[in-house]
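Here is the structure we will look at, set down as structure tokens.
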Amino acid sequence: MKKHLPLRKKLLASLVTAAVVSLVAAPAVSWAQSSDAALRGKAPPEMQITAKNTATGAVRHTNSAADGSYSLVGLPPGTYQVDAGPGTEKTVTLTVASTATLDFQAAAAAAAAPAGAATLEGISVTATTLTEVKTSEIGTNISLHQIQTVPQLTRNFLEFADTVPGMVFTVDSSGNTSLRGGAMNNSSTNVYIDGVGQKSYVKEGGVSGQIGTQGNPFPQLAIGEYKVITSNYKAEYDQISSAAVTAETKSGTNDFHGEVFGSYTGDAYRDDTPAEKASGNKAKSHEKEYGFALGGPIIQDAMHFFFSYEAKGFNQPVDITSGVPVATALLPADVQKQIGPTNLPFTEDLYFAKIDWEFSDRDRVEASAKYRKENQDGGYGGSTAQSAGYATKNNDTRIDVRWQHSADLWYNELLLTHEKAFNAPVAFSGGNGQVYTFGPNNDATILAAGAASPLATQNKGQKGPGIQDDLTFSNLNWMGDHTIKMGVKYKEVTLSAQDTGDASAQFFYNVAPGGTATQPYKVFFAAPTAIPGLSPLITSKDKQFGAYLQDDWVVNDHLTLNLGVRWDIEHNPSYLDFVTPPSVIAALNKPNPDSTAPAGQTYAQALALGGVNINDYISNGHNRKAYDGEWQPRLGFSYDLNGDEEHVIIGGVGRAYDRDLYDYLQLEQTKIAAPQFTYYFQGAGGACKGSPCIAFDPKYMNGVANLQALTAATGGGEVDIMNNNLKAPYSDQFSLGMRNKVGDWNTSATITHLEYNNGFAFTLGNRYPDGHFFLNGGQPWGNGVPGFGALIIGNNGIKNRNNQLLLSADKPYTKDSGWGVTLAYTYTDAKQNRDINEHYSFDRAFVTDYPTITSNAAAKHRFVATGTIDGPWGITYSGKLILATVTPYDGFYFPPGPFAPGVPSNIPVAAIPRGDSFIAGGKIFGYREIDFSGIKHFDLTRGIDFYLRMDVLNVMNYKNFDPGNGATSIPNNTLPIEAVINRHGNIVGVPRTFKFTMGLKF
């Protein structure tokens, strides 16, 4: 055979030089996040290595180098027969997004592979599952067996990610699901399915379509397995600042295989919620889920298909509770009747189809499509009555086509994508809504009823194509073995946002010990713009570029280095090309209308005294530039102490950039195109609680058009403006740990540190004439832009510091042993200057003025354990335990006055409420859950398996009260601060629930 070593040395040197030059000179792009596996190791020198997929017949080849090293990349996860010549055959299973090691000896000395069971759809073979250990990534694989057996509240495949240290999957009091990593928000995550990021560019939630929904991002029947990476991911991962999830979908095989299932639970099979027990009224509810999957050959060994469909029909119980229980009896009788149990209807249809074609032993073409359709009622629960809710259509379509080509020394993947995801809530009704408030400053909401806020009617989404190409060079030798990957991506996605409707108005009523006022003190509404050429629906053709270079360098049998760098840039015309309207600029430079302002002072001059240079926010369409500083080094190492993959030290450092959501950037335009207004009504003696102040007229309640007519005489609405030098949020991540293999157990212990910066938030731009933000304990809400409303300014400034200890131990399930266990413990010490989910921070002049306090994003201690065992009579038993201490509560302490000028009347504080005990011990837990499931299999012969399953969720019926939604508060304004949980409010998760499932596999 021909020697490749000299060629590889020259190729590596030229490749590195060219890559560095191109990265410096070219506008780079994001890259593919591969879910494929790679195999490397040692074999006899200059020998052909062959890997054949036992399920599909796909074959891949490469040649070992003169030193025996080899690398096979771009292998779809699955079971392979691998050989380095006759007599060396081994059968192994490769997991998603992993690089495993497999060494070969000469044929005469080849040893048999250890036994283990790997089951594919319709095929069962004996194989060894190769575990990736020589990587600096902090990550864990979720197997198909876990997905199919571990108890589950939802059919959201991401739920199993909470078995990974550092991850939290939440089902809130409305049944909506979310996933977050560490003490970061949900939007900082990204999910990659078959290498394609599912990022939401407009709304929160991380994944498109995952904000405020009970639905699933993908049909669970179509997921083969996935990997969760909590820190130190490689350079190929983009648009992320906390955790990455990379999943591989199922494919058809050479045998027809399929599955059909249906599950059900209802109010007859669950316990009462706390509010239902208090009221004696149990809301009707049900959960129906069903679906099927089918896959098989089109051309044996060459072309296969796979199709799945899943549906949901939910009626989720939810409780309407008073935000101020002591004031409930003071509400009008018809309003009080709206408090109590009710439900949230929801339906979802999920489709996925995939065709793969291996038209040669070097080429694979794959085409797939996903369609998601949801209809959901929401917006109510807690202190919002059902009448103030809305109905949401949530649709998501994605189409992907990829071509993978492999050669002896390189592998290329070309990917074409198209996405279309829209979320469109519409208020149940127009007209008048009522918000009842309590307290001396009307700062506590008792209940919102009637028509929903104008903000409830929206239409936001993203649509457009993308192209990316990834090139991998393998079997490169220079001071060790290198696998070098580089890629480029370009996306042109049209972002759309309509932020408000104009068919309703919300009137605010004061509730005092004497009862509810008959006249409102405030009204909020929206009106069509008077400026011609503007539409309430704003669009922006967003262009995204990115580039990366990754070198996985096996220096020797002990040391592996993962060295990478990436660069991203985004061009959003809606922000960059925006021109501040001349009427707004003129108003900012008008004389300050405040009666206490010095003679000749302009409004802009008052802002300047308060630290706001208005020129930093006025855009002429040319003075904003796309931020081009998103350089992201990703450096990691693993050191195998004995060279046997038994004890491996790992560590890394890296930077990862996310993005500013369009949901906030678009407000600069939509607040002008569809302005929102707040007017205060004169009370006794002509006093008002704010500005602008007008006399009340009953006609304002006889149609929103009467309110909208006010705007022509009293001026414009709120003014939202952005800093001209916005940057993207990012996190710097550091990790150090160790992986160990002890018998059948895999363990890991890791310390991570994350520093998050440049989070986006709005603050109040208004200032008193002397520049103060606080004066006599009050804030300048009445000092809005002359002729307009309040000035709201957008800046970067939210930051988070997160230290975690991540411990895990797992004994993977095998057919031979018949059992498997996972254990995950997370200790979190997190600080933040503002709630990472709060993008309106009006309690300080700037976000950077907030003190750093304990984060309310994560519990200090969290433990998750799962176990599965094959029992007698064909029954598989599984269990899951979740324990978490009480999540800290962030609130305010109000010191007694009087207050000097500039001194705030509130102080941000954090406190940990008293929780509950678990079996024994102190009252420290805020979340407790024990789930069990039993699956009985019936072999109907000829490969047909019928099964019955019962899940008992929250067996002990623990009441896990929602830490949000007004369920936690500071009852007494005293030091030291004490927070308490409202034990009559909504719960997260579910009460004790029995769920029944039946299915058929063939």
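Using the working numbering, you'd call the opening residue of the sequence shown number -16 and step up by one each time.
Note that beta-carbon positions come from the ideal geometry of N, C-alpha and C, so glycine has one too.
Computed from a predicted structure; not experimentally measured.
The Cβ-Cβ distance between T809 and D793 does not fall below 8 Å. Residue state for P308 is assigned as helix, using DSSP reduced to three classes. Per DSSP, T835 is not a residue of any beta strand (DSSP E), being assigned neither H nor E. Under the three-pair Cβ rule at 8 Å, the region 192 to 212 counts as touching the region 350 to 360. For the region 774 to 811, not one full-length alpha helix (DSSP H) segment reaches 4 residues or more. In terms of Cα proximity to F757, the closest of G885, V938 and V935 is G885.
Rounded to the nearest whole angstrom, the CA to CA distance from Y209 to P59 is 12 Å. Under the three-state reduction of DSSP output, H554 falls in the strand class. A straight-line Cα-Cα distance of about 15 Å links R975 and G862.
The C-beta separation of T466 from T455 comes to about 7 Å, placing the pair in contact by the 8 Å criterion. For Y647, the enclosing alpha helix (DSSP H) has its first and last residue at Y645 to L648. For K863, the three-state secondary structure derived from DSSP is strand. Between the alpha carbons of V702 and A773 lies a distance of about 6 Å.
Within the same chain, and ignoring the five residues on either side of W340 in sequence, the residues whose Cβ sits closer than 6 Å to its Cβ are M286 and V348. For E475, the closest of L55, F944, M705 and K446 by C-alpha to C-alpha distance is K446. Secondary structure note for K724: its beta strand (DSSP E) is the uninterrupted segment Y713 to V725.
Buried is the label assigned to A828, since at least 16 other Cβ atoms lie within 10 Å of its Cβ.
Within the model, the alpha-carbon separation for I902 versus T440 is close to 46 Å. Note on L923: under 16 other CB atoms within 10 angstroms of its CB, so exposed under the neighbour-count rule. Short of 6 Å from the beta carbon of V174, and not among the five residues preceding or following it, lie these beta carbons of its own chain, in chain order: Q181, V190 and V228. The region 19 to 37 and the region 46 to 64 touch, with no fewer than 3 CB-CB distances between them shorter than 8 Å. For H967, there is no enclosing alpha helix (DSSP H), since its DSSP letter is neither H nor E. Scanning the region 456 to 499 from its first residue to its last, the whole beta strand (DSSP E) runs of 3-plus residues come out as 464 to 481 and 487 to 495. Counting only runs that start and end inside the region 590 to 663, the beta strand (DSSP E) elements of at least 3 residues fall at 613 to 623 and 630 to 640.
In this structure, DSSP gives E115 a state outside helix and strand, which the three-state scheme calls coil.
The residues F985, in chain order, have a CB closer than 6 Å to that of I927 in the same chain once the five nearest residues on each side in sequence are set aside. Annotation for E293: no alpha helix (DSSP H) segment contains it, though the beta strand (DSSP E) segment containing it runs M286 to I303.
In the DSSP assignment, T132 falls within the unbroken alpha helix (DSSP H) covering L127 to T132. S791 sits buried, since 16 or more C-beta atoms from the chains shown fall within 10 Å of its C-beta.
If you ignore the 5 residues before and after F87, its C-beta comes within less than 6 Å of the C-beta of A26, A67 and T71, all in its own chain and listed in chain order. The region 559 to 574 makes no contact with the region 531 to 551: fewer than 3 CB pairs, one atom from each, lie closer than 8 Å.
Spatial neighbours of T661 in its own chain (CB-CB distance under 6 Å, excluding positions within 5 residues in sequence) are listed in chain order as F507.
Between the region 864 to 878 and the region 944 to 964, the count of Cβ pairs shorter than 8 Å is three or higher; the stretches touch. Straight-line measurement puts the Cα of Q659 at about 27 Å from the Cα of L592. Looking at T146, L532, T477 and G192, the one whose alpha-carbon comes closest to that of T160 is G192. For I568, the uninterrupted alpha helix (DSSP H) run begins and ends at P565 to L571, by DSSP.
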